[in-house]
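Visitor: Protein chains in written order, with UniProt numbering: chain A, 1 to 312; chain B, 1 to 644; chain C, 1 to 274.
From the three backbone atoms N, C-alpha and C, an ideal C-beta is built for every residue, glycine too.
From a predicted model like this one, the values you see are computed outputs, not experimental measurements.
Quick one: structure below, then a few questions.
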Amino acid sequence: MIIKRILILPVLLLVISFLTFLLTSIVPGDIAEGIILKQGGQPTEETVAAMNEQLGLDRGLFARYGQWLIQALQLDLGTSWVSGEPVAKELAERIVPTLWLTSASLVISVLITMFFGTAAAYFRDTAVDKAILGFSLIMNCIPEFLLAFILLFFFAYKWDIFPLVGYGSLEHLILPSLVLGFGIGAGKARLLRSSILDAMNSNYVAMARAKGLTKWQALKKHALRNALIPIVTSFGSTVGFLLGGSVIIENIFNWPGLGRLALQAINSRDIPVLQGYVLFATVFIIGIYLIVDLLYMLIDPRVYAKRSNIHG
Amino acid sequence: MKHPLLEVENLSVSYQMENKRVQVVRDLSFSIDRGETLAIVGESGSGKTATALSIIGLLPDNGKIDKGKIYFDGKQLAGQTEKEWVEIRGKKIAMIMQDPMSALNPVLTIGRQMEEVFLLRRKEKVNKKRIRQECLSLLGLVGVTEPELRLNQYPHELSGGILQRITIAIALAGKPDLLIADEPTTALDGIIKKQILSLLADLQKQLNLSILLITHDLAETATLADKVLVLYAGKAVEYGKADLVLKEPQHPYTKSLLKAVPTMDLDKNIPLFALKGQPPKPGHLPPGCAFHPRCPIAEEKCKKDDALNGLKEPGPYGRYVSCIRPKEERKKLLSAIKLKPERSSKITNIFSGENGAPILEIHDLKKHFKAGNFLSRKVIKAVDGISFTVNSGQITAIVGESGSGKSTLWKTIVGLHQATGGEVYYLGKKLKTMKDKRAFYQQVGFVFQNASASFNPRMTVGESILEPLRAAKWNPKERNGRLERLFELVGLPMEKRNAYPNELSGGQQQRAAIARALSVNPKIMILDEPVSSLDVSIQAQIINLLKELQEKLQISMLFISHDLPLVRYFADQVLVMHHGKLVERAKCEELFAHPTHPYSEKLIRAFLPSEEKNKTVHLLCHSSHSEMSGKSLQNRERTLPSKV
Amino acid sequence: MADVKKKMNVGLLLSVATIACLFLAAIFAHWLAPYDPNAGELSERLLPPSKEHWFGTDHLGRDVFSRILFGARTTFLVAILITVGCFVIGTAAGVTAGYFGGWIDGMIMRAVDLLSAFPGRILALVIVGIIGPGLMNLAIAMIFTSWVGFARIVRGVTLSVREREFVLAAKLYGLGNQKIMYKHLLPNVLPQLLVVIALNTSWYMTALSGFSLLGLGIEAPHAEWGMMISEARPYMRDYGYLLFFPSMAIMIAVTAFTILGEKLRDRFDPNFHR
């Protein structure tokens, strides 16, 4: 399991970086022309050729990829076509805000998942359960940007509790991370609820209750840990999802993170920056998967056994 | 004043199903004294588990005690608050479950699950070392070897037998007065089953424990119980001292059940006694006495009067029988009918197969699985060099415990698994290519353990049965003719052809599976545990059907089973498998009379009545007293050490 | 029995009805819309809801109601297009992988692993960034990144169905691979697929609107719900209705599909009861 992941992820890194490279070579429209226009110059045959040479676009695809790869291994991601700054430096400036946002959202979503999921399962079929289910259904259905606007409308415009947009203080962090955290937490809470309910129906919970544990003790000590296994496994893809969501949320809240950088790069066709962003995202996700796998092994002792199962 | 430890009075339990309440336990009364074992015997759906769960206050959310009283040590339990229940569970009443694999939490160590019981009870600062000591001594008490090691292991690292011992240890940790054992051995293999039963008997003596045993297995009842309560459709049909009830059953249902259980002394030439029909589903009970449609001595009155309701017939030791007919009349009727089998003709000459031509020859067949990852490769030899021959018209049984490679063997024979080595000959021809194998297995009839899973839930039974023929390109008219013939052969009414699998009962599903197996006109049938998931009374019907078909159509059968009495009754040749190897191959009579391999002997012994309760040992055998042969009597009388 | 069924079907019926209405609105937007969605009268800008303009007008004086109808066409129909694309590719890949197993399974699943290990939205974003914005490019990017979800689920279900004894029985009685797939596997996989279809469609609508909001989807002046919300942003303090109506439209559509998916799951997933 974990070995397979470790082996597949460098391959993933290679394939995705190559994929982005491949895509750039089939880009419709001339990139050099576009950049010259953006820099306020006049695209003539010579200037375009010069720009192509400057960008390295005059060489073959594989040659360019090979060079990029070698440089990337040395943490040199090339220079931005737009700003002329090293890509690595541009990324480094943006990583911290994004990490703040994603980790705050993650914490919020975990809290929501645990609290709502457990409460709904414990109070199954009561008003509490129904209220949580209804609320989380709405939270699950509402697009992030919409939630962002609604929260902005009330908390920033109407009641003026939180600052509108921007970056720099804890108050600035609250609204965007609530938006991201709630959307994910609501979905996971529903998942956790049904996962706990499944576990509560199991024989080992019946056995625990026959031992004399109360319903709450049985839930806390026996059902919850088993129920968390699928949830923990799914948190790997959740972080990827958060990263995707941060593109939209960072743009709405003017958050100076990687998501905004990526969008700027897309709009200006700044391929090296885009490639750098993809590379960062891939490495980040790989790290998360590794952590999830380790966590998974911690909660589920059967992982070792599963590996040596025969499938005949 | 002396009162019984547990006294249940007029207990009625119902479950909320979809939009109606279904009564699963109706008006049940019984009692258990200190140090006494009561067995509640019944088929699936008879309400035995619901009874157990009400006594420990763990009915599911949709279940409810409608009326009745449960006195434990003089205290009313029914209607207690959750807080009061917590004081009872584990401390006064404990419970063990059917499947020990799922009864322990997979993600916690055995130690933590045991300690929990002690930690729960003591509010003050606890001494970890002492708790550990207590856990170890409990494990020793239930006969778990290497207790130190076990405490740090997880359930998936241990076998079913050890796990069941551990659940018993956990149940005993709170020093309960009453232990509810819900089918404690059903998920276990024969040898282990016997060990667990003798462990329970020992513990009961040692600790003066009361046991409420929930079971469908009359042999289990005979070994362990002092009193028996036979349940049918949620009601008690017979209740009394175990030796009396089992020796002289007075209710037609009890008597039929006893007759339907295959024992080690059945006469192979006489069909098994089978009750007609199937047990009613809860919520769909027939009017009057719920048993009347299946009762051999029912009369008009039984269709209206619910005898199970009122007419209890108190006898000595609180015995009662719920039957509308007066005792003497019933006795006469029961003995007069002699509970004749459904079929009158005696089976003749079924052993002709011994001289028949070989149908299937297996030479040194091997199937090895690779397991583990590239760090620790290992090879699992699921089938390891097996050779045997199946002659035409012969029934060959493959017996062995779970994990012995029985199922892998047949799958390798038909080519579902690529064999690692060895040859298979069908009708004298070697099966070499995949094409040969496909041609071969298309001519084999298959019946699996779980009939409902072997039908596509989205196809009607008729369609499913005809599918092999459609694959073999029969025309529609021929197919329909064949279907009628098949339904007649297996005793299914034609109108069931348009039913979906889940609309059939378990027995009917297995009949349909047999019909499908016969559709291709097979020379050989492979039956993988065909009756082990069926109730006893239905099991007998299916076995009789198979035997009848084998006689009529001269089909060879490969019968895979772990139920030795059944094999003894059913098979001509027996192969005993152990860890992928064939440890013994013999004619059926020879094997059971003189097993040569120690493992075969151990296996056979596990199915012989043991001596835990001397008084009840012979009871099961007496049920077929008149037909008993000298040889089997000899078998039965063999004495056994009380601890295996 | 009847009682319970009715209760269960209220949610189902409601969601199906909502989806049908939205679908019709999307198709017949031309007839239903009272105004040209893209032609604005600056003199009539930012009018509150009234008899003439049911949902008011936006900052360019365009009729919000008409724009929502046409927005339905964009959001809704493109989401369905994406779903169909993913369904076809994903089901084919998943059933093939699950049924045959072995190296075929290995190949397909490695591709699926690769694509799904990476967050789909970022990959789609990058693809759109490189091949350029626009509705069709967006659809292509989303199909490319999200067929794997279908493939994975279909493969899982196929595997579990394949292990069921009735498929083994069909194989033993000589049915060909194609027949088994078509007669035994698909009918048992389809119900669970319906669930995935419904849930994914709702997700595609959300994602599409999100991309439009970022300016990577439909180009102005065409109407799309996400873009309408984005355009309403500068005015939302005083003209809340500009935010309210497109938001409601998205919420209703997404919720309808989600509820549909969940109700279908309640019916099909755990055990099949006829």
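From which residue to which residue does the alpha helix (DSSP H) around K64/B run?
Guide: Working through the second sequence from its first residue, we reach residue 64/B at position 64. No alpha helix (DSSP H) contains K64/B, which is instead part of the beta strand (DSSP E) from 63-72.
Visitor: Enumerate, from N- to C-terminal direction, the unbroken beta strand (DSSP E) stretches of 3 or more residues contained entirely within the stretch 522-581 of chain B.
Guide: Runs found: 524-528, 556-561, 573-578.
Visitor: Could you please tell me which residues of the stretch 159-192 of chain C, in chain order, have their CB closer than 7 Å to any CB of chain B?
Guide: Cβ contacts with chain B: R164, E165, F166, A169, A170, L172, Y173, G174, L175, H184, P187, N188.
Visitor: Taking the DSSP output, what are the residues bridged to R21/B?
Guide: To locate residue 21/B, count along the second sequence from 1; it is residue 21. Looking at the DSSP assignment, R21/B forms a beta bridge with Q16/B.
Visitor: Look at the alpha carbon of G261/C and the alpha carbon of F70/C, and state the distance between them as a whole number of angstroms.
Guide: For the purposes of this step, residue 261/C is identified with residue 261 of the third sequence, where counting begins at 1. For the purposes of this step, residue 70/C is identified with residue 70 of the third sequence, where counting begins at 1. If I take the Cα positions, the gap works out to 25 Å.
Visitor: Around the C-beta of V379/B, are 16 or more other C-beta atoms found within 10 angstroms, so that it is buried, or is it exposed?
Guide: Residue mapping note: residue 379/B aligns to position 379 of the second sequence, counting from 1. When all chains shown are included, V379/B counts as exposed.
Visitor: Using a C-beta cutoff of 7 Å, does A453/B count as contacting chain C?
Guide: Within the second sequence, residue 453/B is the residue found at index 453, counting from 1. For A453/B, the answer is yes, since a Cβ of chain C falls inside 7 Å of its Cβ.
Visitor: For N269/B, does the three-state DSSP call read helix, strand or coil?
Guide: To locate residue 269/B, count along the second sequence from 1; it is residue 269. In the structure shown, N269/B sits in coil (DSSP, three-state: anything other than H, G, I, E or B).
Visitor: Helix, strand or coil for K92/B, going by three-state DSSP, please let me know.
Guide: Sequence index remark: in the second sequence, residue 92/B carries index 92 (1-based). If DSSP states are grouped into helix, strand and coil, K92/B belongs with coil.
Visitor: With I423/B as the anchor, note down where its beta strand (DSSP E) starts and where it stops.
Guide: As a first step, residue 423/B is located in the second sequence; it is residue number 423 there, counting from the start. The identity of residue 423/B in the sequence shown is Glu, whereas the question assumes Ile. That run of the beta strand (DSSP E) goes 421-426.
Visitor: Tell me, please, which residues DSSP counts as bridged to L365/B.
Guide: In the second sequence, the residue the question calls residue 365/B occupies position 365. According to DSSP, which records beta bridges pairwise, L365/B is partnered with I386/B.
Visitor: Going by beta carbon distance, what residues of the same chain come within less than 8 Å of I36/A, once the five residues before and after it are set aside?
Guide: Start at 1 with the first residue of the first sequence, and residue 36/A comes out as number 36. Q42, P43, T47, V48, M51.
Visitor: Quick one: list the residues of chain A neighbouring G210/C, beta-carbon separation under 8 Å, in chain order.
Guide: By 1-based counting over the third sequence, the position of residue 210/C is 210. Ordered by position in chain A, the residues that pass the 8 Å Cβ test against G210/C are P143, E144, F145, I248.
Visitor: Report, in whole angstroms, the separation of the C-beta atoms of A225/B and L11/B, which I expect to be a contact under 8 Å.
Guide: Locating residue 225/B in the second sequence gives position 225, counting from the first residue. Locating residue 11/B in the second sequence gives position 11, counting from the first residue. Between L11/B and A225/B the Cβ distance is about 19 Å, and since that is not below 8 Å, they are no contact.
Visitor: Please classify R26/B: does DSSP put it in a helix, a strand, or coil?
Guide: Here the question's residue 26/B lines up with position 26 in the second sequence. R26/B falls in the strand class under three-state DSSP.
Visitor: Please state the DSSP three-state secondary structure of K220/A.
Guide: Counting from one through the first sequence, the residue named residue 220/A turns up at place 220. Note: K220/A maps to helix in three-state DSSP.
Visitor: Can you give the beta carbon distance from S505/B to Q278/B, rounded, assuming they're within the 8 Å contact cut?
Guide: As a working note, residue 505/B is residue 505 in the second sequence. As a working note, residue 278/B is residue 278 in the second sequence. That belief holds up - the Cβ atoms of S505/B and Q278/B are roughly 5 Å apart, short of 8 Å.
Visitor: Got a sec? Which residues, its chain only, sit under 6 Å from A517/B by beta carbon, not counting five neighbours each side?
Guide: Taking the first residue of the second sequence as position 1, residue 517/B is located at position 517. Closer than 6 Å at Cβ, skipping near neighbours: G445, F446, V447, M525.
Visitor: Any residues in the stretch 280-301 of chain A with a beta carbon nearer than 9 Å to a beta carbon of chain C? Which ones, in chain order?
Guide: The stretch 280-301 of chain A vs chain C, Cβ under 9 Å: A281, T282, I285, I286, Y289.
Visitor: Less than 8 Å between the CB atoms is what I'm expecting for T75/C and W225/C, so what's the real figure, rounded?
Guide: By 1-based counting over the third sequence, the position of residue 75/C is 75. By 1-based counting over the third sequence, the position of residue 225/C is 225. About 5 Å separates the two Cβ atoms, so the contact holds.
Visitor: Do the stretch 76-92 of chain B and the stretch 167-179 of chain B touch if we need at least three Cβ pairs shorter than 8 Å?
Guide: These segments touch.
Visitor: For the beta strand (DSSP E) holding S210/B, just list the boundary residues, first then last.
Guide: Mapped onto the second sequence, residue 210/B falls at position 210. Per DSSP, S210/B belongs to the beta strand (DSSP E) from 210-215.
Visitor: Report yes or no: is there a C-beta of chain C within less than 7 Å of the C-beta of Y426/B?
Guide: Along the second sequence, read from residue 1 onward, the residue named residue 426/B stands at position 426. Answer no: the Cβ-Cβ gap between Y426/B and chain C never drops below 7 Å.
Visitor: Report back the beta-carbon spacing between I229/C and L213/C to the nearest angstrom; my notes put them in contact at under 8 Å.
Guide: Here residue 229/C refers to the residue found at position 229 when the third sequence is read from its first residue. Here residue 213/C refers to the residue found at position 213 when the third sequence is read from its first residue. Their Cβ separation, rounded to whole angstroms, is 7 Å, which keeps I229/C and L213/C in contact under 8 Å.
Visitor: Assign S268/A to one of three DSSP states: helix, strand, or coil.
Guide: Along the first sequence, read from residue 1 onward, the residue named residue 268/A stands at position 268. Reduced to three states, the DSSP call for S268/A is coil.
Visitor: Apply the 10 Å Cβ neighbour rule to Y296/A and answer buried if 16 or more other Cβ atoms are within range, or exposed otherwise.
Guide: As a working note, residue 296/A is residue 296 in the first sequence. Flag for Y296/A reads buried.
Visitor: Please list, in chain order, the chain D residues whose beta carbon lies closer than 7 Å to that of R458/B.
Guide: This model lacks chain D altogether; the protein chains it does include are A, B and C.
Visitor: Buried or exposed: where does V531/B fall if 16 or more other Cβ atoms within 10 Å of its Cβ makes it buried?
Guide: In the second sequence, counting from the first residue as 1, residue 531/B sits at position 531. The residue is buried, with at least 16 neighbouring Cβ atoms inside 10 Å.
Visitor: Mind checking if T214/A is an interface residue toward chain B, Cβ cutoff 7 Å exclusive?
Guide: Within the first sequence, residue 214/A is the residue found at index 214, counting from 1. True, the Cβ-Cβ gap to chain B drops below 7 Å.
Visitor: Give me the Cα-Cα distance between E33/A and S268/A, rounded to the nearest whole angstrom.
Guide: As a position in the first sequence, residue 33/A is number 33, starting the count at 1. As a position in the first sequence, residue 268/A is number 268, starting the count at 1. One C-alpha to the other measures close to 12 Å.
Visitor: So, is the C-beta of F268/C closer than 7 Å to a C-beta in chain B?
Guide: Reading the third sequence from its first residue, position 268 is the one you call residue 268/C. Taking Cβ atoms only, chain B never reaches closer than 7 Å to F268/C, which makes this a no.
Visitor: Of the residues A94/B, S102/B, L53/B, which one's Cα is nearest the Cα of A78/B?
Guide: The count along the second sequence starts at 1 and reaches residue 78/B at position 78. Comparing Cα positions, the closest option is L53/B.
Visitor: Using a Cβ-Cβ cut-off of 6 Å (strictly less than) and excluding sequence neighbours within five positions of V230/B, which residues of its own chain qualify?
Guide: For the purposes of this step, residue 230/B is taken as residue 230 along the second sequence, with counting starting at 1. Taken in chain order, the residues that qualify are V41, V237, E238, T254.
Visitor: State buried or exposed for S335/B, treating a residue as buried only when at least 16 other CB atoms are found within 10 Å of its CB.
Guide: Reading the second sequence from its first residue, position 335 is the one you call residue 335/B. Exposed, because fewer than 16 other Cβ atoms sit within 10 Å of the Cβ of S335/B.
Visitor: Within the same chain, show all residues whose beta-carbon is closer than 8 Å to that of Q80/B, passing over the 5 residues directly before and after it, in chain order.
Guide: Working through the second sequence from its first residue, we reach residue 80/B at position 80. If we look at Q80/B and ignore the five residues flanking it on each side, its Cβ neighbours are G57, I88.
Visitor: Closer than 8 Å by beta-carbon distance: list the chain C residues that pair up with Q16/B, in chain order.
Guide: As a position in the second sequence, residue 16/B is number 16, starting the count at 1. Residues of chain C passing the Cβ test: none, with the nearest at roughly 11 Å.
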